[in-house]
Amino acid sequence: MTVEHRPTSLFGDREVALVDLLDRLLAGGVVLSGDVTISLAGVDLVRISLRALITSIAPADPGPGDPAPTVTVPSERVAE
Amino acid sequence: MITYLYAVGRDLELPDDGSRGIDGGELRLVDEAGLQAVVSDVEREAFEDLDEHREDLTWLAAVARAHHGVVAAVGRDHAVAPLSLATVYLDDDRVRAVLRESREAFTAVLDRVEGRDEWGVKAYVRPGAGKAAATDRPTSGAAYLRARREALRAGDAAVAAAEREADEVDAALAALAVETRRHPPQDRSLTGRAEQMVLNGAYLVERAGADDLRALVEKLASEGSLDLELTGPWVPYSFAGGAT
């Protein structure tokens, strides 16, 4: 069988893939102009996920003589 | 503090499961013009400096998860019009004004989604599809390049065939749906799968038709040559657009 079903109905269900959620939350929903103007439309997920991946494996610009860089791992990846 | 707006509905109640909003904020209902908005207080600074946050995946993920948690909890028993991510107002009075001004638009969305759920169907090229038949080891550079070109052509043809089949899958699902929408196929770097996605569809389906939809997806998967993935039921995010 080649159908995979991921239920999304349970509250707090961590099985909901972030990428599926962002597809809907960035391109769906009722669009109103809020008081604090925020535009998340057009956010390039591929680019930011790539950047999150890079910061997770590369030190963030350590200066010469700096102590050993700490490696930050994003708490959540897009493809989880 | 400013007011973050999650969803709007009619005769809404707050979920009784202890759901909290962004940053653990307490949920409230703002009632106006026969509509209720589900809101919570959020720190103003976090949303004013969105240029810093909008490309911060950790921040985006946390807000998206919290937003979805609230919308899904409220939408479990009620038709809701979910708001786009990060819709914020200076205070509750501004939310009341928006409910009055956009009453017709919200009502139209709620009428459209009442008793219906969104389902997602994604289709992937099945692994191994379109691989050129094993050929003899190339005896020269020219032979290698020729073989490589043929393999690429075969791959392109396989993707083109998969895209045609994806259109057929979409059309078959559309016959069961009240409305459909196609999101752009997700990039491989986001799906974590090697296979190319050729369909990322959303289908608004009557609640009573959920079993028929599941059965149809299984039938399409077993008869066709694409791998299908079904997600849902979702609060109808993909069908709440159009209001202003």
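Protein chains in written order, with my numbering: chain A, 54 to 133; chain B, 1074 to 1317. Glycine residues also receive a C-beta, built at the ideal position from the N, C-alpha and C atoms. Note that the coordinates shown come from a computational prediction; the quantities given were computed from them, not determined experimentally.
Under a three-way DSSP split, which group does residue i fall into?
i: residue 1281(B); result: helix
i: residue 1286(B); result: helix
i: residue 58(A); result: strand
i: residue 1253(B); result: strand
i: residue 1180(B); result: helix
i: residue 1305(B); result: strand
i: residue 132(A); result: Its pLDDT being 39, under 50, residue 132(A) is placed unreliably by the model, and the measurement read from it follows with that caveat. Coil at residue 132(A), not helix or strand.
i: residue 1382(B); result: This structure cannot settle anything about residue 1382(B), because the visible part of chain B is limited to 1074 through 1317.
i: residue 1114(B); result: strand
i: residue 1210(B); result: coil
i: residue 75(A); result: helix
i: residue 1193(B); result: strand
i: residue 1122(B); result: coil
i: residue 1160(B); result: coil
i: residue 1228(B); result: helix
i: residue 1332(B); result: Since the first and last residues shown for chain B are 1074 and 1317, residue 1332(B) lies out of range.
i: residue 123(A); result: Summary for residue 123(A): the model assigns pLDDT 41, below 50, so the residue's position carries little reliability, and this model does not support an answer.
i: residue 1065(B); result: Residue coverage of chain B in this structure runs from 1074 to 1317, which leaves residue 1065(B) outside it and unanswerable.
i: residue 70(A); result: coil
i: residue 1142(B); result: helix
i: residue 1082(B); result: strand
i: residue 1272(B); result: strand
i: residue 85(A); result: coil
i: residue 1296(B); result: helix
i: residue 1154(B); result: strand
i: residue 113(A); result: Here the model assigns residue 113(A) a pLDDT of 48, short of 50, so the residue's position is not dependable, and the following value carries that caveat. Three-state result, residue 113(A): coil.
i: residue 65(A); result: Low local confidence applies: a pLDDT of 41 at residue 65(A) is under 50, so the model's placement there is unreliable, with the coordinate-based value given in what follows. It is coil, neither helix nor strand.
i: residue 1175(B); result: coil
i: residue 1148(B); result: helix
i: residue 1243(B); result: helix
Can you tell me which of the options puts its alpha carbon nearest to the alpha carbon of residue i?
i: residue 1290(B); options: 1281(B), 1301(B), 1280(B), 1282(B); result: 1301(B)
i: residue 1088(B); options: 1146(B), 1196(B), 1236(B); result: 1146(B)
i: residue 1311(B); options: 1298(B), 1257(B), 1263(B); result: 1257(B)
i: residue 1180(B); options: 1304(B), 1081(B), 1286(B), 1077(B); result: 1081(B)
i: residue 1152(B); options: 1077(B), 1085(B), 1225(B); result: 1085(B)
i: residue 1252(B); options: 1272(B), 1230(B), 1263(B), 1279(B); result: 1279(B)
i: residue 1259(B); options: 1271(B), 1150(B), 1112(B); result: 1271(B)
i: residue 1283(B); options: 1249(B), 1238(B), 1126(B); result: 1249(B)
i: residue 79(A); options: 1234(B), 1104(B), 1287(B), 1155(B); result: 1155(B)
i: residue 1254(B); options: 1274(B), 1239(B), 1261(B), 1246(B); result: 1274(B)
i: residue 1200(B); options: 1276(B), 1178(B), 1228(B); result: 1228(B)
i: residue 1306(B); options: 1167(B), 1193(B), 1219(B); result: 1193(B)
i: residue 1075(B); options: 1114(B), 1106(B), 1226(B); result: 1114(B)
i: residue 1303(B); options: 1241(B), 1195(B), 1212(B), 1295(B); result: 1195(B)
i: residue 87(A); options: 1149(B), 1078(B), 1276(B); result: 1078(B)
i: residue 1242(B); options: 1276(B), 1313(B), 1118(B), 1160(B); result: 1276(B)
i: residue 1187(B); options: 1176(B), 1160(B), 1150(B); result: 1150(B)
i: residue 1323(B); options: 1131(B), 1216(B), 1144(B), 1130(B); result: Nothing can be reported for residue 1323(B): it is not among the residues displayed for chain B, which extend from 1074 to 1317.
i: residue 1108(B); options: 1184(B), 1122(B), 1090(B); result: 1184(B)
i: residue 1174(B); options: 1106(B), 1285(B), 1111(B), 1292(B); result: 1106(B)
i: residue 1198(B); options: 1130(B), 1267(B), 1157(B); result: 1267(B)
i: residue 1159(B); options: 57(A), 73(A), 81(A); result: 81(A)
i: residue 1112(B); options: 1130(B), 1169(B), 1240(B); result: 1169(B)
i: residue 1176(B); options: 1308(B), 1083(B), 1281(B), 1287(B); result: 1083(B)
i: residue 1298(B); options: 1132(B), 1190(B), 1232(B); result: 1232(B)
Provide the residue(s) that pair with residue i in DSSP beta bridges, ordered along the chain.
i: residue 1170(B); result: Residue 1170(B) is not bridged to any residue.
i: residue 1131(B); result: Answer is none; residue 1131(B) lacks a bridge partner.
i: residue 99(A); result: Its beta-bridge partners do not exist; DSSP assigns none.
i: residue 1095(B); result: In the DSSP output, where bridge partners are listed per residue, residue 1095(B) has none listed.
i: residue 1077(B); result: 1113(B), 1161(B)
i: residue 1198(B); result: 1299(B)
Under 9 angstroms Cβ-Cβ, which residues of chain C neighbour residue i?
i: residue 1182(B); result: The chain labelled as chain C is not found among the protein chains of the depicted structure, namely A and B.
Would you call the segment 1092–1103 of chain B and the segment 1133–1152 of chain B in contact, with 3 or more CB pairs under 8 angstroms?
-> yes
Using a Cβ cut-off of 7 angstroms, which residues of the segment 1251–1266 of chain B contact any Cβ in chain A, in chain order?
-> 1256, 1259, 1260, 1262, 1263, 1264, 1265
Scan the segment 1301–1316 of chain B for residues whose Cβ lies nearer than 7 angstroms to a Cβ of chain A and list them as they occur along the chain.
-> 1301, 1302, 1303, 1304, 1305, 1306, 1307, 1310, 1311, 1313, 1314, 1316
Closer than 8 angstroms, Cβ to Cβ, to anything on chain A: give me those residues from the segment 1149–1174 of chain B, in chain order.
-> 1149, 1154, 1155, 1156, 1157, 1158, 1159, 1160, 1161, 1162, 1163, 1167, 1171
Residues of the segment 1117–1147 of chain B whose Cβ lies closer than 8 angstroms to any Cβ of chain A, in chain order = 1117, 1120, 1121, 1123, 1127, 1128, 1129, 1130, 1131, 1133, 1134, 1135, 1137, 1138, 1140, 1141, 1142, 1145, 1146
According to a CB-to-CB cut-off of less than 7 angstroms, which residues of the segment 1236–1249 of chain B neighbour chain A?
-> none
Name, going along the chain, the residues of the segment 1263–1291 of chain B whose beta-carbon falls closer than 9 angstroms to a beta-carbon of chain A.
-> 1263, 1264, 1265, 1266, 1273, 1275, 1287, 1290, 1291
Any 3 or more C-beta pairs closer than 8 angstroms across the segment 1115–1134 of chain B and the segment 1175–1191 of chain B = no
Could you list the residues in the segment 1078–1103 of chain B with a C-beta less than 9 angstroms from some C-beta on chain A, going in chain order?
-> 1078, 1080, 1081, 1088, 1090, 1092
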